[in-house]
Structures are given as C-alpha cells and as structure tokens.
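Report on the structure given below.
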Amino acid sequence: MAGIYVHIPFCKRKCKYCDFVSLAGVHDYSAYAAALISEIRLYKPLVEGRIFDTIFIGGGTPSLLPIELVCAIVDELRSCFDIVKSPEFTIEANPESLTFEKLNVYRNLGINRLSIGLQSGDDDVLRAIGRIHDKAAFINAFDAARAAGFNNINVDLMHGLPGQSTSSYLDSIRLACKLECEHISSYSLILEEHTQLYSDVINGKITLPDEDTAAEMEDSGFMLMNEFGYMRYEISNFSKPGYECKHNLNYWDNGEYLGLGLNAHSAMHFSNRWVRWANEASLSSYIIKAANGKLPVETTEEIDRDEEMFETIMVGLRKTAGISRRSFVERFGIDPVEHYASAISEAILDGFMEVSDDYIRLSNRGLDFQNEVLLKFM
Ligand code: SF4
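Structure, rendered in structure tokens:
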C-alpha cells in the first residue's frame, strides 16, 4: 500500500513563521491545476501495479483552490491510479476559506478527513503570528464541517508562540477538545531563518516564550490532551482511539508515497532500489515541465540499504508504538535488535528505549531525546 500527496502551494498571505512551500498573492490556479493533471497522467504507467490507500491534499491552503479545480484533480487521480474503494482522504484547510457549500462538495468527492489549521485559539496570538483568521472563524468552520458530515477532523495547534502563555495554549487545547475533534497535531514553533518572525525576533521586535515556559507548555498540554482521551501516537500527534492518521503513519513506517505538485517529495522502490525524488521548487519551472509532458522532477537520489535501514529507524522511532521487529525483518532480512545491538543496549541503559519480542520503541523519556538516541544508530 502507498500514499498519494498533492501539494497546493497557494496562501492568501504568508504567516510570519512559515517556511513551507507556499506562495501568497495572485497566481494562475488553472495553469497549476492543468500542470498537476498532466503530472498525474505522466505517472500513470510508472506506478502501475501499486495500490494507494491514502490521499492527502496539503499546502499551502488547498481550500483556497476553486472547487471545480479540486474536482478535476481528484477525478484525474481516480482515473489514473489504482486507489482502494474507501481510502483515507484528507484535505487541509484554513478556517477563513471554508464554506458549508465547499465542504459539501469535498464530502461528495469522497474526502473523509479534514485538517483545520487553528494554531491558537487566542486572537492576540493569531495576530502576532500573522494568521488571517480568528477564533470565531475557526468555530464556524468546524461547525460547518460537522454539518457537512465530516466525522474525522484534525486540528493543528502550535506552542512556543509569541505572546503565548501556558494558560493560553491550554485554552486552545480545551477549545479543540470540547469540540470533540478526532485528532490534534501540536507542534512546537521552530524559528526558521528567512521568515518574518525570525527577523522580528533577531531585531528584538518580538520575544518568544523562554525554553522553560515552552517546555512547561508542552508537558502540561500533552497531559491535558491525555485527560480528554487523546492518545499520543507520534511525537507531536494525538488522536482518539482509531483515528490515527494513516497517511502520516505510512511516512513514519518509511513506506512508499507519490508526491505531486510544486516541490512535492516521493519515495518508492523500483527493482528493489529505494529511490527518493523531489519536484521542481520554482512554480514556473514546475508548470513548464509538466505542461510539456516532462516529469517535473528536480532531484533524484538512490538510497542504499544501510541508509534505508537508518531512515526506517529514524522515522519509526517517532511513533510511540515504535518499530515492528517483524516488519523490519520482512523488509531488510535482519532483526533490528541484532543489527543495531550496541546502539540499542546503550539506549536501554540510558532509559531511552524499550524492547520486546515485537517492537523497539522509545520510552517516554526517550521521546524527548530522540535526536540523542538517533546519534547512537548513525
Ligand atoms: S497558511 Fe500555512 S502554508 Fe500558508 S503561509 Fe500560513 S503557515 Fe504557511
């Protein structure tokens, strides 16, 4: 089984902290959709025989794309690829661009999971990070999604934001939990160079919560989600039982996925070689290549077996369930406990890792020191 990711890179305005491939301002959405459709057709013979069980339309702000273009893209996916009858099918959306009508069309297209970017339920914090929605717009969008029949909704939250206190972060969690969303992704702010927020912080215009406060937010936030019945299944992801995101679990299992669209990344086995590739990062190059019947690929990398094993460990240890020893043996022909014997023994001694007949995984303490543990495996 494999996943399909479709990247829609457009946003109304660039958020101050954003380092994603997202383009604000006016763009030719139709030309982009036509390029995507051409790219989908080009992949048809190349991925024949593969069965896809998840689709994720991410961004950017996919909900900005005119609905008829979303329909055309989804129709093309279904006609070119072998997709299971009821895939997990997610679309990302920002509150201000959602309407009941649009949500209804999404449902009719078979989209059954919605991921809403709330980030914070505190209007002052939202303004400080340059978001264009407020708490009320989020609640309206959430209610409209439920009314349209979405029964699997993720809410994105962030902590460590400018002007955010622990109680403000906990209130945001309470807001999401009381609406009874099925899934919460809660990421800590990463201050990326080349963002507006980075220069504001460097120039002293904005201060961020200090490290202790950010750590306190994380600990108390994670406890609160737990009290509301959300289980942590990945470092930054929490869900009600049975609502873990299958598409993302496939990434953390180092599974195959096909990425379509601007700067989208893919990873697949071809004749037993593990190959990763990335699409053009420039919008004009992407559109020109795809429109001219060429795969809009910028870089390709063949990963050797050792690297593939290490990647599988690196992403797999993000999951609280860890890595299945049996799956690892099926893929690589060797037990990870044998292959990484000394790294694993050290990590166990440090209290960072737990091993059973079925799995290797990080302990609760180890989840906070994942990078340190991985160094042992390198
Ligand atoms: S909505 Fe998301 S992708 Fe768009 S600018 Fe904001 S953070 Fe970036």
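In terms of our numbering, the sequence shown opens at residue 11 and continues consecutively. Idealized CB from N, CA, C, for every residue including glycine.
Original post:
CB of Lys24 to nearest heavy atom of ligand 1: below 6 angstroms?
Top reply: Shortest gap from the CB of Lys24 to any heavy atom of ligand 1: under 6 angstroms.
**OP:** Please look up how many angstroms separate the CB atoms of Tyr15 and Leu270, rounded, as I've assumed it's under 8 angstroms.
**Re:** The beta-carbon separation of Tyr15 and Leu270, rounded to 7 angstroms, stays under the 8 angstroms limit for a contact.
Original post:
What is the rounded straight-line gap between the Cα of Tyr116 and the Cα of Ala300?
Top reply: About 26 angstroms.
Subject >> Beta-carbon proximity list for Leu52, same chain, < 6 angstroms, skipping 5 on both sides >> reply: Leu305, listed in sequence order.
**OP:** Decide if Thr100 is buried, meaning its Cβ has at least 16 other Cβ atoms within 10 Å, or exposed.
**Re:** Classification for Thr100: buried.
Original post:
How about Ser73: is its Cβ closer than 6 angstroms to a heavy atom in ligand 1?
Top reply: No, ligand 1 has no heavy atom inside 6 angstroms of this Cβ.
Original post:
What is the C-beta distance between Pro105 and Ala151, in whole angstroms, given that I count them as a contact (C-beta under 8 angstroms)?
Top reply: Taking 8 angstroms as the upper bound for CB-CB distance, Pro105 and Ala151 are in contact here, some 4 angstroms apart.
Subject >> His143 - DSSP class collapsed to helix/strand/coil >> reply: Of the three classes helix, strand and coil, the one that applies to His143 here is coil, per DSSP.
**OP:** Answer with buried or exposed for Gly239, where buried requires no fewer than 16 other C-beta atoms within 10 angstroms of its C-beta.
**Re:** Looking at its Cβ environment, which holds fewer than 16 other Cβ atoms inside 10 Å, Gly239 is exposed.
Subject >> Terminal residues of the beta strand (DSSP E) in which Gln174 lies >> reply: No beta strand (DSSP E) contains Gln174, which DSSP labels as neither H nor E.
**OP:** Express the C-alpha separation of Glu86 and Ile358 in angstroms, rounding to a whole number.
**Re:** Cα to Cα, Ile358 sits roughly 49 angstroms from Glu86.
Subject >> Ala146 to Asp368 span [Cα, whole Å] >> reply: When the Cα atoms are used, Ala146 and Asp368 turn out to be separated by approximately 46 angstroms.
Subject >> Straight-line Cα distance separating Leu128 from Asp92 >> reply: Each residue's Cα considered, the two are about 33 angstroms apart.
**OP:** Output yes or no for whether 7 angstroms exceeds the beta carbon distance between Gly246 and Tyr179.
**Re:** Residue identity check: residue 246 is Ser in the sequence provided, not Gly. Not closer than 7 angstroms, so no.
Original post:
Should the stretch 207-223 be regarded as contacting the stretch 153-168, the criterion being three or more beta carbon pairs within less than 8 angstroms?
Top reply: No: fewer than three Cβ pairs fall under 8 angstroms.
Subject >> Identified DSSP bridge partners for Ser125 >> reply: Answer is Glu102 and Asn164.
Subject >> For Asn289, the residue or residues it bridges with in DSSP >> reply: In DSSP, Asn289 forms a bridge with Val307.
**OP:** Would you identify the three-state DSSP class for Gly376, choosing helix, strand or coil?
**Re:** In this structure, Gly376 counts as helix in the three-state DSSP scheme.
Original post:
Cβ of Gly271 within 6 angstroms of any heavy atom in ligand 1?
Top reply: Every heavy atom of ligand 1 is 6 angstroms or more from the Cβ of Gly271, so no.
Original post:
Secondary structure at Ala277, three-state DSSP: helix, strand or coil?
Top reply: If DSSP states are grouped into helix, strand and coil, Ala277 belongs with the strands.
**OP:** Let me know the beta strand (DSSP E) ranges lying completely inside the stretch 311-372, each 3 residues or longer, listed in chain order.
**Re:** If one requires a minimum length of 3 residues, the beta strand (DSSP E) runs lying completely within the stretch 311-372 are 363-365 and 369-372, in chain order.
Original post:
Grouping DSSP H, G and I as helix and E and B as strand, with all else coil, what is Val36?
Top reply: When DSSP states are grouped into helix, strand and coil, Val36 belongs to the coil group.
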